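K.L.:
Residue numbers (this note's numbering): 4 to 497.
Beta carbons are placed, not taken as given, at the ideal position from N, Cα and C, and that holds for glycine.
Since the structure is predicted, the reported quantities are computational estimates derived from the model, not experimental observations.
Please read through the structure below; I'll follow up with questions.
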């Protein structure tokens with residue numbers, strides 16, 4: 004009833020579940036598989052039949068699949084995409100109660116809820132009674148196989164369907180990613196949907212945290228939530244991670260070039276004195292050469308000269324030399340060593356932040372749900388203090404508020420692991436986690452600054468090396484031209 008924003012009478016408890024005033028539901032449909040009774044197209048008939056059939060106290064009545072819909076697609080294409088996934092479940096034998104939501108047209112959040120039945124149907128339209136059973140193992144002759152003790156026969160469990168397989172979550176997520184990608188391409192978008200997390204893809208970026216209905220509603224009203232603040236913090240951290248990724252790419256490219264040039268020039272330095280070789284290999288000496296011939300190097304490398312500075316990068320000779328001295332960097336090997344150490348620290352910090360985010364997510368959710376719960380506490384307290392007709396009358400007038408309060412209270416209990424409300428304790432723990440996150444972000448900023456400075460120095464060293472290589476190519480050609488000229492002159496005199 005809540006998902007579809009409808010009114011359904013519940014035969015189990017004799018209450019009317021009325022959510023017909025709830026907005027945001029833009030489309031509803033029930034998809035029936037083969038053998039399902041036609042009357043199950045009525046949502047009330049369907050779910051009352053499910054609840055009446057399942058007698059076990061721990062029975063699961065339905066399975067819900069929730070997924071976001073692409074904002075890039077129009078409403079018609081979003082519906083087609085959602086129905087494609089819904090039809091997959093219908094064709095597996097499940098009844099699919101599909102509801103599309105879009106809570107806010109100014110800040111759209113289109114998504115879909117699929118409520119799925121848990122049992123397949125017999126040919127007569129009734130639910131399959133047994134979801135699993137045992138069958139004997141048979142040998143190649145079709146005979147039962149005795150157990151080692153000889154007191155029974157080997158057997159195995161057989162399932163009516165594979166719907167409860169734990170591996171389905173991964174398969175269904177991958178399927179929806181494929182459907183999304185297909186619809187993107189059909190509508191002219193070069194976008195590939197990815198169901199795997201950043202971590203599983205080998206990407207260092209941190210995922211933002213899903214905001215539930217309560218948190219989203221608070222943010223829309225301009226109320227800053229802990230989950231919202233956490234997502235804003237994650238975006239700042241991801242900006243640092245992206246910046247450092249770019250610096251690592253630059254640095255790796257330049258170090259590879261410099262090491263290649265050094266290796267190819269190794270033969271030319273075999274007869275040089277060790278002191279002279281060390282002096283020429285010094286990054287300080289290379290930067291001095293850069294500073295001396297800066298304009299020529301910039302022109303040769305087609306770099307536009309700028310007077311502005313970029314935070315985190317060293318743009319002048321004195322600051323670069325100071326950086327080298329403070330980090331005890333003399334050679335390319337020293338630079339490479341510091342780069343690898345910093346990359347390791349960066350990787351460790353990202354790993355720490357990823358683990359910390361799991362704790363932050365939990366505590367932020369608890370604090371936010373408590374804030375959302377507070378306005379409804381008085382309704383729940385009064386309801387629980389009444390009895391008899393007064394209690395029922397009060398519930399009828401305030402059902403939505405009471406149900407909301409009960410939902411929040413249950414959520415707090417499940418997440419915190421206690422029946423007690425401990426807002427001060429939760430807030431204190433959250434503040435401690437946020438302080439730790441701020442320290443990690445500062446460390447990541449320092450990692451990014453070092454990598455940026457190393458990349459800038461490597462850029463300058465690479466330009467100097469290219470200049471030397473270009474000069475070495477020109478000098479032999481000049482020698483050849485001079486020799487040819489002398490030969491022509493001698494021939495003329497002869």
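Excluding the 5 residues flanking residue 187 on each side, which residues of the same chain have their C-beta closer than 6 Å to its C-beta?
P.N.:
Here residue 187 refers to the residue found at position 184 of the chain shown. Cβ neighbours of residue 187 beyond the five flanking positions: 194.
K.L.:
Helix, strand or coil: which one does DSSP assign to residue 426?
P.N.:
To locate residue 426, count along the chain shown from 1; it is residue 423. Note: residue 426 maps to helix in three-state DSSP.
K.L.:
What residue range is occupied by the uninterrupted beta strand (DSSP E) comprising residue 21?
P.N.:
In the chain shown, counting from the first residue as 1, residue 21 sits at position 18. Residue 21 -> beta strand (DSSP E) spans 18 to 21.
K.L.:
Could you compute how far the alpha carbon of residue 443 sits from the alpha carbon of residue 209?
P.N.:
By 1-based counting over the chain shown, the position of residue 443 is 440. By 1-based counting over the chain shown, the position of residue 209 is 206. The straight-line gap from Cα to Cα measures roughly 13 Å.
K.L.:
Helix, strand or coil for residue 57? Go by DSSP, reduced to three states.
P.N.:
Counting from 1 along the chain shown, the entry for residue 57 is found at position 54. In this structure, residue 57 counts as coil in the three-state DSSP scheme.
K.L.:
Taking only runs that begin and end inside the stretch 202 to 288, name each unbroken alpha helix (DSSP H) of 4 or more residues, in chain order.
P.N.:
Fully enclosed alpha helix (DSSP H) runs of 4 or longer: 216 to 223, 229 to 267 and 277 to 284.
K.L.:
Residue 413 to residue 237, Cα distance in whole Å?
P.N.:
Indexing the chain shown from 1 puts residue 413 at position 410. Indexing the chain shown from 1 puts residue 237 at position 234. If I take the Cα positions, the gap works out to 28 Å.
K.L.:
Roughly how far, in whole angstroms, is the beta-carbon of residue 100 from the beta-carbon of residue 33, given that I think they are within contact range, below 8 Å?
P.N.:
On the chain shown, position 97 is the one that residue 100 refers to. On the chain shown, position 30 is the one that residue 33 refers to. At roughly 5 Å, the Cβ-Cβ gap stays under 8 Å, so residue 100 and residue 33 are in contact.
K.L.:
Hey, quick one: how far does the beta strand (DSSP E) through residue 118 stretch, first residue to last?
P.N.:
In the chain shown, residue 118 corresponds to position 115, counting from 1. It spans 114 to 119 - the beta strand (DSSP E) in which residue 118 sits, taken as one unbroken run.
K.L.:
Return the chain-ordered list of same chain residues with a C-beta closer than 8 Å to the C-beta of residue 315, the five sequence neighbours on each side being excluded.
P.N.:
For the purposes of this step, residue 315 is taken as the residue at position 312 of the chain shown. Confidence in residue 315 is poor, its pLDDT being 36 and thus under 50, which makes the residue's placement unreliable; the coordinate value appears in the next sentence. Excluding sequence neighbours, residue 315 sits near 246, 451, 452, 455 and 456.
K.L.:
Does the Cβ of residue 161 have 16 or more other Cβ atoms within 10 Å, making it buried, or fewer, making it exposed?
P.N.:
Reading the chain shown from its first residue, position 158 is the one you call residue 161. Burial call: exposed.
K.L.:
Let me know the secondary structure DSSP gives residue 79 once reduced to three states.
P.N.:
The residue you call residue 79 lines up with position 76 of the chain shown. In this structure, residue 79 counts as helix in the three-state DSSP scheme.
K.L.:
Going by the beta-carbon positions, is the gap between residue 93 and residue 35 smaller than 9 Å?
P.N.:
Locating residue 93 in the chain shown gives position 90, where the first residue counts as 1. Locating residue 35 in the chain shown gives position 32, where the first residue counts as 1. Contact flag set, yes.
K.L.:
Looking at the unbroken beta strand (DSSP E) that takes in residue 332, where does it start and where does it end?
P.N.:
Within the chain shown, numbered from 1, the residue matching residue 332 stands at position 329. Taken as a continuous stretch (DSSP letters only), residue 332 belongs to no beta strand (DSSP E), as it is neither H nor E.
K.L.:
Given residue 423, which residues of its chain have a CB within under 6 Å of its CB, disregarding the five upstream and five downstream residues?
P.N.:
Position 420 of the chain shown, counted from the first residue, corresponds to residue 423. The answer is none, since no qualifying residue turns up.
K.L.:
Please check the pair residue 404 and residue 382, which I expect to be a contact at CB under 8 Å, by giving their CB distance rounded to whole angstroms.
P.N.:
The count along the chain shown starts at 1 and reaches residue 404 at position 401. The count along the chain shown starts at 1 and reaches residue 382 at position 379. Rounded, the Cβ-Cβ distance is 4 Å, consistent with contact.
K.L.:
Pairing CB atoms from the stretch 65 to 73 with CB atoms from the stretch 13 to 23, are three or more of them under 8 Å?
P.N.:
No, they do not touch.
K.L.:
Mind checking residue 77: buried by the 16 CB within 10 Å criterion, or exposed?
P.N.:
Locating residue 77 in the chain shown gives position 74, counting from the first residue. With fewer than 16 other Cβ atoms within 10 Å, it is exposed.
K.L.:
So, at 8 Å on beta carbons, what are the nonlocal neighbours of residue 192 in its own chain, with the 5 sequence-adjacent residues on each side left out?
P.N.:
Within the chain shown, the letter at position 189 stands for residue 192. 75, listed in sequence order.
K.L.:
Please report the distance separating the alpha-carbon of residue 289 from that of residue 335.
P.N.:
Residue mapping note: residue 289 aligns to position 286 of the chain shown, counting from 1. Residue mapping note: residue 335 aligns to position 332 of the chain shown, counting from 1. Those two C-alpha atoms are separated by around 10 Å.
K.L.:
Whether or not the stretch 226 to 244 and the stretch 376 to 394 are in contact is what I'm after, with contact meaning three or more pairs of Cβ atoms, one per stretch, closer than 8 Å; do they touch?
P.N.:
Too few Cβ pairs lie closer than 8 Å, so no.
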